[in-house]
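K.L.:
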Ligand SMILES: NC(=O)c1ccc[n+]([C@@H]2O[C@H](COP(=O)([O-])OP(=O)(O)OC[C@H]3O[C@@H](n4cnc5c(N)ncnc54)[C@H](OP(=O)(O)O)[C@@H]3O)[C@@H](O)[C@H]2O)c1
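Numbering (the working numbering), first residue to last: 48 to 328.
#1: Looking at the secondary structure, which residues open and close the alpha helix (DSSP H) in which residue 129 lies?
#2: Determine, using beta-carbon pairs with one atom in the segment 200 to 219 and one in the segment 297 to 307, whether at least three such pairs fall under 8 Å.
#3: Please determine, among 187, 93, 242 and 238, the residue with the shortest C-alpha to C-alpha distance to residue 65.
#4: With a 10 Å radius around its C-beta and 16 neighbouring C-beta atoms as the bar for buried, classify residue 265 as buried or exposed.
#5: Is any heavy atom of ligand 1 found at a distance shorter than 7 Å from the C-beta of residue 121?
#6: Which one of 80, 142 and 226 has the shortest CA to CA distance from residue 99?
#7: Per the DSSP calculation, residue 237 is bridged to which residue(s)?
#8: Skipping 5 residues on each side, what residues in its chain have a beta carbon closer than 6 Å to that of residue 224?
#9: What does a CB cutoff of less than 7 Å around residue 73 pick up in its chain, not counting 5 residues either side in sequence?
#10: State the Cα-Cα distance for the pair residue 172 and residue 152, rounded to the nearest angstrom.
#11: Examine ligand 1 and report whether any of its heavy atoms sits within less than 7 Å of the Cβ of residue 267.
#12: Under 7 Å: does the beta carbon of residue 74 sit that close to some heavy atom of ligand 1?
#13: Just to confirm my understanding: we take residue 248, look at its own chain, exclude 5 residues before and 5 after, and list those with CB closer than 7 Å. What are they?
#14: At the level of alpha carbons, what is the spacing between residue 214 and residue 221?
#15: I'd like the span of the alpha helix (DSSP H) that includes residue 108, first residue to last.
#16: Count the other CB atoms within 10 Å of the CB of residue 233; is the residue buried (16 or more) or exposed (fewer)?
#17: Tell me whether residue 330 is buried or exposed, calling it buried when 16 or more other Cβ atoms sit within 10 Å of its Cβ.
#18: So, are the CB atoms of residue 83 and residue 106 less than 8 Å apart?
#19: Just the Cα atoms here: how many angstroms apart are residue 301 and residue 253?
#20: So, helix, strand or coil for residue 86, using DSSP?
#21: Considering only their Cβ atoms, is the gap separating residue 136 from residue 179 smaller than 8 Å?
#22: From the DSSP output, in three-state form, read off residue 395 for me.
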């Protein structure tokens, strides 16, 4: 083993993942589960959180022995978020990475949706991650090479009809990522926004309201691949990632030809009877 110190300051080097202490929300399925496993397999020590305790227990069993500890609860509950910080401090001895992955969607015309749907979607996709990050900052500020990961969506770049609440929440998360990146740079805390495209997971089974529209179906990226992109983004200190060509293509089209994107989605919607909240799958 070399004893010669590196000439590069830590922030110019690739991030070393081995030994990092990581909080991952949404650890019971999909991208969060895959991310927790990927980081544990790279030598990280992970605190995984979600509501389903049985799923978290099977995650901990699948990971290298002792690499993942779990905490079951609802991330939209402020007491639970406080508990997660306490568990990270006590059982991991601190926190190097806060990865907010938990999220849910809702489908249907905004005019017909309930106020409760708006509250729940904003809570899980924006308010909870925002507050969790703030609560984690005292731990991250004393870590050697800290980072925040926010899992957003390409729909935070440009919205789709029938996903109004979700798109607004992910756009707010994207905005917050930019603010945090600038504010936290002097404290050497990296902020990585992962704007995912269609991804294989339990997302469509866990909708807060409505059902998946037939026109939104298509090929999806495996959750393990999305998680691998997040891990690579952390290692390379990326600011934002758009895993896969579908995500990149949508973001590009939305940036340079938003009118065409809107016209295509409006044409797809035109076959659906007005006021029908749950289009046939
Ligand atoms: N799948 C896609 O096509 C896609 C596309 C773009 C962005 N995303 C984003 O990717 C992230 C991960 O989603 P996924 O695709 O992996 O879906 P998923 O399989 O449904 O995973 C969502 C995770 O969030 C957790 N969760 C949801 N509500 C929670 C709550 N109130 N408290 C605690 N945990 C909660 C779920 O666990 P419990 O149910 O056990 O609580 C689950 O572990 C989300 O932020 C989603 O918005 C997904």
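Note that beta-carbon positions come from the ideal geometry of N, C-alpha and C, so glycine has one too.
P.N.:
Let's see:
#1: Where residue 129 is concerned, the enclosing alpha helix (DSSP H) stretches over 125 to 134.
#2: At 8 Å Cβ cutoff, the stretches touch.
#3: Shortest Cα-Cα distance from residue 65 to any of 187, 93, 242 and 238 involves 93.
#4: Residue 265 should be labelled exposed.
#5: Result yes, Cβ under 7 Å from ligand 1.
#6: When C-alpha distances from residue 99 are compared across 80, 142 and 226, the shortest belongs to 80.
#7: Residue pairing of residue 237 in beta bridges, as defined by DSSP: 194.
#8: The answer, listed in chain order, is 197, 238 and 240.
#9: 79, 97, 148, 149 and 150.
#10: For residue 172 and residue 152, the distance between alpha carbons rounds to 9 Å.
#11: Annotation for residue 267 indicates a beta carbon within 7 Å of some heavy atom of ligand 1.
#12: Yes, ligand 1 has a heavy atom inside 7 Å of this Cβ.
#13: Counting only Cβ-Cβ distances below 7 Å, and skipping sequence neighbours, we find 76, 77, 78 and 270.
#14: So the alpha carbons of these two residues sit roughly 10 Å apart.
#15: Its alpha helix (DSSP H) spans residues 100 to 109.
#16: Burial call: exposed.
#17: The requested residue 330 does not occur in the structure, where the chain is confined to residues 48 to 328.
#18: In contact: residue 83 and residue 106 (Cβ atoms closer than 8 Å).
#19: Taking the straight line from one Cα to the other gives about 27 Å.
#20: Residue state, collapsed to three classes: helix.
#21: For residue 179 and residue 136, no; Cβs fall outside 8 Å.
#22: Residue numbering for the chain in the displayed model covers 48 to 328; residue 395 lies beyond these limits and cannot be assessed.
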